[in-house]
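Undergrad: Let me give you the structure first, and then I'll get to my questions.
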Amino acid sequence: MRDNICAGDDNAYQWVIRWFAHMVQRPWEKPGTALVLKGRKGAGKDTIGDYVGGLFPHHHTKISNPEHLVGRFNAHQEKTLLLHVEEGFWAGDKKAEGQLKH
């Protein structure tokens, strides 16, 4: 993860580790931040989401449709600790991207 996701940046790596640790150590407390992993295909972004989500499968939601995130109905996210958005999710959907910014 340090090399593939954080490009060897130890500060970024420590932040990511603490972010995941917070989820495990204080699951009742929202961290107030979102972790967005962006990188080349095959770098391991989905692998990390699948692994961490497997630690608490009842609180892991994996989505591939923008409507499930920015649509009118989101009850499926009520108990979600880790919202794992699959690679290729946005695919240039500027409307959905704009909804997240507001």
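Residue numbers (full-length UniProt numbering): 1 to 102. Every residue gets a Cβ at the ideal spot worked out from N, C-alpha and C, and that includes glycine.
1) To the nearest angstrom, how far is the alpha carbon of W15 from that of R72?
2) Could you please give me the residues that DSSP links to I63 through a beta bridge?
3) Just checking Y51 against the ligand NAD - is the residue's beta carbon closer than 7 Å to any of the ligand's heavy atoms?
4) Using a threshold of 8 Å, state whether the C-beta atoms of H60 and L82 are closer than that.
5) Please state whether the Cβ-Cβ distance between G39 and H84 is less than 8 Å.
6) The alpha helix (DSSP H) with K45 in it runs from where to where?
7) Does the separation of the CB atoms of K62 and G54 fall below 8 Å?
8) Which residues bound the alpha helix (DSSP H) around I17?
TA: Checking against the coordinates, here is how it stands:
1) 32 Å
2) V85
3) By its list of ligands, the structure shown contains no ligand whatsoever, and the ligand NAD lies outside what it can speak to.
4) yes
5) no
6) K45 to L55
7) no
8) D10 to Q25
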